[in-house]
Every structure is written in C-alpha cells, then in structure tokens.
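See below for the structure under consideration.
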Amino acid sequence: MNSLAPVIVFAYKRPDLLEQTLVSLSGNAESANTELFIFCDGPKAQAGPAERAAIDQVKKIASSRNWCGKTQVIAAESNKGLATSVMEGVSMLLNTHESVIVVEDDVRLSKYFLRFMNDALNMYASSDRVLAVGSWNYFADGKIADDSFFLRYPDSIAWATWKRSWSKFRSDGAKAMEELQAKNLMQRFNGDRSISYFSDMLKKQCEGKVDSWAIRWTATAILEDMYSIYPSRSLSRHEGFGEGATHETNDRDYNATLGLAQEPIALKPISVEENLKAFGYWKKFLLANFSDTNGFSGWKLWVWKRLPFSFRNWYRNKTVKAI
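This is the structure we're talking about:
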C-alpha cells in the first residue's frame, strides 16, 4: 500500500475560512491516516487590535481539534508573508518526505481531494516531466472527456508536488526572468502570446511590487518543460475573494458557481503532454478575466477598447461559453 503524503495548510487572519477549509479536509476518508501541518503566520508590526485578535483566533481554531490523523500547529511570532511561509514550509516538509500536499486557508475541498492527490503523487512519482498535481479546475470543469489532463501551468491554492520537482524551484525571480528571455520562452510563459499577465506579474515580483512564490513556480514549470496533472472535475474551490483577502483582492469571484466533484476521479496513466483542448479553455478563461485586450491587436484592439464595458463583458462571457 502506498503511503499518504503529509498535508500543509497555510493560515493567516481569516478564522472562518480556515475552519471551513479544515472541516472540508477532515471530510476526506484519507484524512484519518494523514499527517497535517498548519502553519499560522504572525502579525505585522503595524497590525491593530482587531487584526491581532483574528490572528489569535486562527491559532485557536488550528489547535482546537485533531483535524487529521495527526495535527501539528507551527505558529510564527511575526509576519513572514505568504511567499516566505510557503517556500519555507514546503522545503521543511520535503526535507523529510518525498512528496507533500499544500492547501491555502481559503479553499473548500471535495471529499475526494486527498484520494486524487495521493493517487497522482504515487502514479507519477518517477515521471520527470510531471512537476505537480493540481485540483482547482476553474477553467474546464466537466469539459474534458478524460478523467485527468496535463497543463503547463501549476495550481497554487490546493496542489501537491515531489521533492524532485521542488528542488528545481527558481526562488530568484530576476534570474528566472533572464532565463526565460535567454531561452526564448517568454511567449510560452504568456500562454503562447495570448496574455501578458505572467510576464507582468514576474516583473512586479522582481521589482518588489508583489510577493508571489506562485509566479516563480510557474516560471519553473516553463523553464523545465514540466506539466501539472489536473482532474476533469474540480476538487477545490477558492473562497478567498474580496474583503479580507491578502493577495486575491478582486471582488469578482470568477469561480462562484464552480461545483466540487461528487464522485471519485478514477485516475489512469496518460501521456505526459499538454491537453490542447484544456489549454484552449484555460486561454479563453484568462482572456475573459485577466486581460482587457481579449486577444485582439492592431485596429481590432483599437475598436475593442472603445466599445462599452457592458458589451465587452457580454462578449467575453459569450466566447468562453461557446468553446
């Protein structure tokens, strides 16, 4: 019998969301035999009484019960930030384990989440072209015929990886940017020139304007030509939009109607290559939600930007649904 990977949950100052995440995690049958590590970040120096109270409540919830087979709470005295917390926490666990499952504190999980993650970790443990396992299928939920598929972009809210993959992580964003440019991979990084979101984010990370471990992990995937495997039905849903969020501050919850898998995903070995249909859905979704160009250029872009916002929004939704 294959062993179950340990789970890390990263928490900060949203006690209600953390409790929701932990309840959904404990609803997985495999949780009874899973080791859980909850990393609670500490307060910033300028944090006020309300924020400090929320951080204390997070620690109380984390310690309130044994959420899995074994639960360990690691609380920081001062604020590290999500990027440092993730990089340090994942590295710590992979010093003593071959694989790890990582969940943020604002994610609702399917009761079949742990089964898929562990099945995929065991199935592709020796596949050097597989970077990670994803669970958040917000872009092609129920639209891919196969039970699973590969995509060049890794998940960053409820995911898993191996020691062999994490050892390739580019922690230096500036060097990753230089490497992408030197290897002519910037277009691939940006969805085959469909959007500049990723290069813009990496540039901001290099400039210290954002603190994102995930954009560096994405750069690693492109530089190593490695892929992430995803389920055909989403096994996680991001709940952390809007007020109270530290990194996802957009009020538009673009996965509000996303359901969670109600049946186990029967994982079967597939060829490690990007699913072009899934990539097409991903690209359409990104264009609809993170780009104001909608893929247009030249005179078409000039016309597009002068159309009423309501029409542009209607057209984006129409094209996404029409795939």
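Note that the sequence shown covers residues 2 to 324 in the numbering used here.
For every residue, glycine included, the Cβ atom is placed at its ideal position computed from N, Cα and C.
Check your understanding: Per DSSP, Ser127 forms a beta bridge with which residues?
Key -> If you number the sequence shown from 1, residue 127 lands on position 126. Its beta-bridge partners do not exist; DSSP assigns none.
Review point. Does the separation of the CB atoms of Gly49 and Lys81 fall below 9 Å?
Key: Taking the sequence shown and counting its residues from 1, one reaches residue 49 at position 48. Taking the sequence shown and counting its residues from 1, one reaches residue 81 at position 80. In this structure, Lys81 does not lie closer than 9 Å to Gly49 by Cβ.
Exercise for review: Note down the Cα distance separating Pro7 from Phe38, rounded to an integer number of angstroms.
Suggested key: Numbered from its first residue, the sequence shown carries residue 7 at position 6. Numbered from its first residue, the sequence shown carries residue 38 at position 37. Distance between the alpha carbons of Pro7 and Phe38: 8 Å.
Exercise for review: Could you name the residues that DSSP lists as bridge partners for Ser149?
Suggested key: Numbered from its first residue, the sequence shown carries residue 149 at position 148. Ser149 pairs with Pro232.
Exercise for review: Inspect the beta-carbon positions of Phe40 and Ile62 and report whether they are closer than 9 Å.
Suggested key: Mapped onto the sequence shown, residue 40 falls at position 39. Mapped onto the sequence shown, residue 62 falls at position 61. No; because the gap between Cβ atoms is not below 9 Å, this pair is not in contact.
Practice item. Kindly provide the ranges of any beta strand (DSSP E) runs that are 3 or more residues long and lie completely inside the region 162-233, ordered along the chain. Key: For the region 162-233, whole beta strand (DSSP E) runs of length 3 or above, ordered along the chain, are 228-232.
**Study point:** Cβ-based burial, Pro155 [other Cβ within 10 Å; buried from 16]
**Key:** In the sequence shown, residue 155 corresponds to position 154, counting from 1. Buried, because 16 or more other Cβ atoms sit within 10 Å of the Cβ of Pro155.
Check your understanding: Beta carbon of Glu264: closer than 8 Å to some heavy atom of the ligand ADP?
Key -> In the structure shown, the ligand ADP is absent, as is every other ligand, since no ligand is present at all.
Point to revise | Exposure of Ser91, with buried meaning 16 or more beta-carbon neighbours within 10 Å | key: What you label residue 91 is simply residue 90 of the sequence shown in a count that begins at 1. Strictly speaking, residue 91 in this sequence is Val, with Ser absent from that position. In the assembly as shown, Val91 is a buried residue. Its beta-carbon has 16 or more other beta-carbons within 10 Å.
Review point. Taking just the CA atoms, how far does Lys204 sit from Ala175?
Key: As a working mapping, residue 175 is identified with position 174 in the sequence shown. As a working mapping, residue 204 is identified with position 203 in the sequence shown. Near 8 Å, if we compare the C-alpha coordinates of Lys204 and Ala175.
Check your understanding: Is the region 205-224 touching the region 122-129 in the sense that three or more CB pairs, one from each, lie closer than 8 Å?
Key -> no
Check your understanding: Going by Cα to Cα distance, which pick from Pro16, Lys269 and Pro232 is closest to Ala51?
Key -> As a first step, residue 51 must be located in the sequence shown, where it is residue number 50. The shortest CA-to-CA distance from Ala51 to any of Pro16, Lys269 and Pro232 is the one to Pro16.
**Study point:** Nearest residue (CA-CA) to His239, options Lys112, Lys45, Asn29 and Ala257
**Key:** Reading the sequence shown from its first residue, position 238 is the one you call residue 239. With distances taken between Cα atoms, His239 lies closest to Ala257.
**Study point:** Own chain partners of Arg234 with C-beta closer than 7 Å, once the 5 adjacent residues on each side are dropped
**Key:** Position 233 of the sequence shown, counted from the first residue, corresponds to residue 234. Asn138, Asp142, Gly143, Ala262 and Ile266.
Point to revise | Alpha-carbon to alpha-carbon, Met118 and His98 | key: Your numbering for residue 98 matches position 97 in the sequence shown. Your numbering for residue 118 matches position 117 in the sequence shown. If you take the alpha carbons of His98 and Met118, they lie about 15 Å apart.
Review point. Between Ala133 and Trp160, which are expected to be in contact by the criterion C-beta below 8 Å, what is the C-beta distance as a whole number of angstroms?
Key: As a first step, residue 133 must be located in the sequence shown, where it is residue number 132. As a first step, residue 160 must be located in the sequence shown, where it is residue number 159. Sure, about 6 Å apart at Cβ, within 8 Å.
Exercise for review: Please classify Ile9: does DSSP put it in a helix, a strand, or coil?
Suggested key: If you number the sequence shown from 1, residue 9 lands on position 8. In this structure, Ile9 counts as strand in the three-state DSSP scheme.
**Study point:** Residue closest to Pro232, alpha-carbon to alpha-carbon, out of Phe114, Lys45, Leu181 and Ser168
**Key:** In the sequence shown, the residue the question calls residue 232 occupies position 231. Per the Cα distances, Phe114.
Review point. Taking the C-alpha atoms as reference points, what is the distance between Ser168 and Ser65?
Key: Here the question's residue 168 lines up with position 167 in the sequence shown. Here the question's residue 65 lines up with position 64 in the sequence shown. Using only the alpha carbons, I get a separation of about 34 Å.
Check your understanding: In terms of alpha-carbon separation, which member of Val101, Gln73, Ile9 and Arg130 lies closest to Ile230?
Key -> Numbered from 1 along the sequence shown, position 229 holds the residue referred to as residue 230. Selected option, being the one with the closest Cα: Arg130.
Review point. Per DSSP, Gln73 forms a beta bridge with which residues?
Key: Taking the first residue of the sequence shown as 1, we reach residue 73 at position 72. BP columns for Gln73 point to Phe38.
Practice item. Tell me, please, whether the CB atom of Val8 is closer than 9 Å to any CB atom in chain D? Key: Chain labels in this structure do not include chain D; a single protein chain is all it has.
Point to revise | Tyr228 beta carbon less than 9 Å from that of Glu274 | key: As a first step, residue 274 must be located in the sequence shown, where it is residue number 273. As a first step, residue 228 must be located in the sequence shown, where it is residue number 227. Result yes, Cβ atoms of Glu274 and Tyr228 sit closer than 9 Å.
Practice item. Indicate the three-state DSSP secondary structure (helix, strand or coil) for Val326 in the structure shown. Key: Missing from the structure shown is residue 326; the chain here goes from 2 to 324 and no further.
Review point. By the 10 Å Cβ neighbour count, where 16 or more other Cβ atoms means buried, how is Val24 classified, buried or exposed?
Key: What you label residue 24 is simply residue 23 of the sequence shown in a count that begins at 1. The residue is exposed, with fewer than 16 neighbouring Cβ atoms inside 10 Å.
Check your understanding: What does DSSP give as the partner residues of Ile102 in its beta bridges?
Key -> Locating residue 102 in the sequence shown gives position 101, where the first residue counts as 1. Answer is Val8 and Ala161.
Practice item. Please report how far the alpha carbon of Gly70 lies from the alpha carbon of Met187, in whole angstroms. Key: The sequence position of residue 70 within the sequence shown is 69, counting from 1. The sequence position of residue 187 within the sequence shown is 186, counting from 1. Approximately 44 Å between the Cα atoms of the pair.
Review point. Relative to the C-alpha of Leu5, which residue among Tyr282, Ala183 and Ile102 is closest?
Key: Translated into positions along the sequence shown, residue 5 becomes position 4. The candidate whose alpha carbon is nearest that of Leu5 is Ile102.
Exercise for review: Ignore the nearest five residues each way along the sequence and tell me which others in Phe199's own chain have a CB closer than 7 Å to its CB.
Suggested key: What you label residue 199 is simply residue 198 of the sequence shown in a count that begins at 1. The answer, listed in chain order, is Phe190, Asn191, Ile216 and Thr219.
**Study point:** beta strand (DSSP E) segment containing Arg238, residue limits
**Key:** Against the sequence shown, residue 238 aligns to sequence position 237. That run of the beta strand (DSSP E) goes Ser237 to His239.
**Study point:** Cβ pair Ser213, Ser136 closer than 9 Å
**Key:** For this step, residue 213 is matched to residue 212 along the sequence shown. For this step, residue 136 is matched to residue 135 along the sequence shown. Taking 9 Å as the Cβ cut-off, Ser213 and Ser136 do not qualify as a contacting pair.
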